[in-house]
Amino acid sequence: MGNGQGVGGIYIAGHRGMVGSAIRRALESAGEANVLSATSKDLDLRNATAVDEFLAANRPTQVYLAAAKVGGIQANNAYPAEFIHDNLAIQDNVIHAAWRHGVQRLLFLGSSCIYPRDTKQPMREEVLLTGPLEPTNEPYAIAKVAGIKLCESYNRQYGTDFRSVMPTNLYGPGDNFDLETSHVLPALIRKTHEARVTGAESIPVWGSGRPMREFLHVDDMAAACVHVMNLDRATWQAHTDPRCSHLNVGTGEDLSIGDLARLVADVVGFEGQLAFDPDRPDGTPRKLLDVSRLKGLGWQASIGLREGIEQTYQWYLENPA
Ligand code: GFB
Numbered sequence: 001m002g003n004g005q006g007v008g009g010i011y012i013a014g015h016r017g018m019v020g021s022a023i024r025r026a027l028e029s030a031g032e033a034n035v036l037s038a039t040s041k042d043l044d045l046r047n048a049t050a051v052d053e054f055l056a057a058n059r060p061t062q063v064y065l066a067a068a069k070v071g072g073i074q075a076n077n078a079y080p081a082e083f084i085h086d087n088l089a090i091q092d093n094v095i096h097a098a099w100r101h102g103v104q105r106l107l108f109l110g111s112s113c114i115y116p117r118d119t120k121q122p123m124r125e126e127v128l129l130t131g132p133l134e135p136t137n138e139p140y141a142i143a144k145v146a147g148i149k150l151c152e153s154y155n156r157q158y159g160t161d162f163r164s165v166m167p168t169n170l171y172g173p174g175d176n177f178d179l180e181t182s183h184v185l186p187a188l189i190r191k192t193h194e195a196r197v198t199g200a201e202s203i204p205v206w207g208s209g210r211p212m213r214e215f216l217h218v219d220d221m222a223a224a225c226v227h228v229m230n231l232d233r234a235t236w237q238a239h240t241d242p243r244c245s246h247l248n249v250g251t252g253e254d255l256s257i258g259d260l261a262r263l264v265a266d267v268v269g270f271e272g273q274l275a276f277d278p279d280r281p282d283g284t285p286r287k288l289l290d291v292s293r294l295k296g297l298g299w300q301a302s303i304g305l306r307e308g309i310e311q312t313y314q315w316y317l318e319n320p321a
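Shown next as structure tokens:
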């Protein structure tokens, strides 16, 4: 618990997750020595009293709220109660305690699934709450919308400086490679690698292969988080609206799941077939982010998709589950 250096410092909630650990790497490589964290065994973020006591004892100046119950399309469908309950509880506890204990700045991490299923592409921040959500991840999305509104409400009522960023589909080192609960990219890396090793003729690809997705490397996401956290308040306020304060984080480019599977096959060196499985859900047809707001604030992604997949595949080979 904590870092034993007394009050102050930067607390990363979810430091063991893919995004939290990338934020930690980014902060440490920028020379930040005072990074606080607590494992879920030591601090259950769903427990309001425990969260309050942790923030009261450690009094961080900044909080990165990267802790969340996450998963791919199948996990979202299978565990809707956990996806809405755990995420609402974590956010509510951390944001409320951050206000109570004078955290100077908090960054809440959401997801591009907050936007309506059928909306104009690329999606601008303003389309939030203008239409129905994609059913496969509605509980998760509702929790993330609530997180944005929690931040905005505390800012409006109490003058806090709580900010939100909404990443597109993330991938990279530390990802979940479990085939039933993971997102598509780690699943394809694992399936394709195993097919190459065993000499299988084809790999199963869920759905039609037609949905379009945008992928952002987690180190880009971490860099964006640190960038947004460090913007001075006047700049942040000038580029956001008190009732539409979240910022999209993505590359601004997408591709079909079929093309993604072919790219992964090329990186891994698998020459077999793709076997699309129409019994698995496609989910939302497209969710490309409009990233012009964040570009206007001086940040854009730098890791290309092929390069990111190559690096993640290497990480997967070096870190067997
Ligand atoms: O990454 P994914 O699970 O999540 O699936 P979403 C993206 C697309 O890839 C879907 C297809 O059309 C899947 O059917 N796909 C193909 C696969 N093969 C596979 C496979 O082996 N595994 C998986 N998982 N998908 C999630 C949301 O939606 O996106 C979350 O459920 C979150 O809430 C996350 O927002 C970023 O992009 O459909």
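In full-length UniProt numbering, the protein residues as written are 1 to 321.
Where a beta carbon is used, it is the ideal one built from N, C-alpha and C, also for glycine.
Here the structure is a predicted model, which means the values were calculated and not measured.
Spatial distance of residue i from residue j (CA atoms)
i: Asn137; j: Phe83; result: 9 Å
i: Pro211; j: Leu179; result: 19 Å
i: Ile23; j: Ala195; result: 33 Å
i: Leu45; j: Gly272; result: 44 Å
i: Asp282; j: Ser208; result: 7 Å
i: Val19; j: His183; result: 14 Å
i: Glu134; j: Arg286; result: 10 Å
i: Pro242; j: Arg280; result: 40 Å
i: Ser112; j: Val291; result: 11 Å
i: Pro278; j: Trp206; result: 7 Å
i: Met229; j: Leu170; result: 19 Å
i: Asn34; j: Ser202; result: 49 Å
i: Arg213; j: Asp254; result: 5 Å
i: Ala75; j: Val103; result: 33 Å
i: Pro320; j: Ala48; result: 35 Å
i: residue 324; j: Val145; result: Missing from the structure shown is residue 324; the chain here goes from 1 to 321 and no further.
i: Ala26; j: Arg233; result: 21 Å
Residues near residue i by beta carbon distance below 7 Å, same chain, minus five either side
i: Glu32; result: Ile10
i: Trp299; result: Ala224, His227
i: Thr192; result: Ile203, Val264, Ala265, Val268, Phe270
Residue i classed as buried or exposed, judged by whether at least 16 other C-beta atoms fall within 10 angstroms
i: Gly199; result: exposed
i: Ala87; result: It is worth fixing the name first, because residue 87 is Asn in this sequence and not Ala. It counts as buried.
i: Pro122; result: buried
i: Ser245; result: buried
i: Pro139; result: buried
i: Gln5; result: Residue placement at Gln5 cannot be trusted, given a pLDDT of 44 that sits under 50; what the coordinates show is reported in the next sentence. With fewer than 16 Cβ atoms within 10 Å of its Cβ, Gln5 is classed as exposed.
i: Leu129; result: exposed
i: Tyr313; result: buried
i: Leu305; result: buried
i: Glu28; result: exposed
i: Gly269; result: exposed
Contact belief for residue i with residue j at Cβ below 8 Å, rounded distance in angstroms
i: Ala67; j: Ala13; result: 4 Å
i: Ile309; j: Val249; result: With 8 Å as the limit, Ile309 and Val249 do not qualify as a contact, their Cβ atoms being about 19 Å apart.
i: Val165; j: Leu107; result: 6 Å
i: residue 331; j: Ile303; result: Coverage of the chain is limited to positions 1 through 321, which leaves residue 331 absent and any answer about it impossible.
i: Leu317; j: Ala261; result: 19 Å between Cβ atoms; not a contact.
Contacting residues, own chain, Cβ-Cβ under 6 Å from residue i (five flanking each side not counted)
i: Leu297; result: His239
i: Met1; result: Here the model assigns Met1 a pLDDT of 49, short of 50, so the residue's position is not dependable and the matter cannot be decided.
i: Asn3; result: Confidence at Asn3 is low in this model, with a pLDDT of 44, below 50, so its placement is unreliable and no value can be given for it.
i: Gly8; result: Thr61
Beta-carbon contacts of residue i that lie in its chain and below 8 Å, excluding the five residues immediately before and after
i: Ile95; result: Leu65, Leu106, Phe108, Gly147, Leu150, Cys151, Tyr154, Phe162
i: Gly131; result: Pro116, Arg117, Asp118, Thr119
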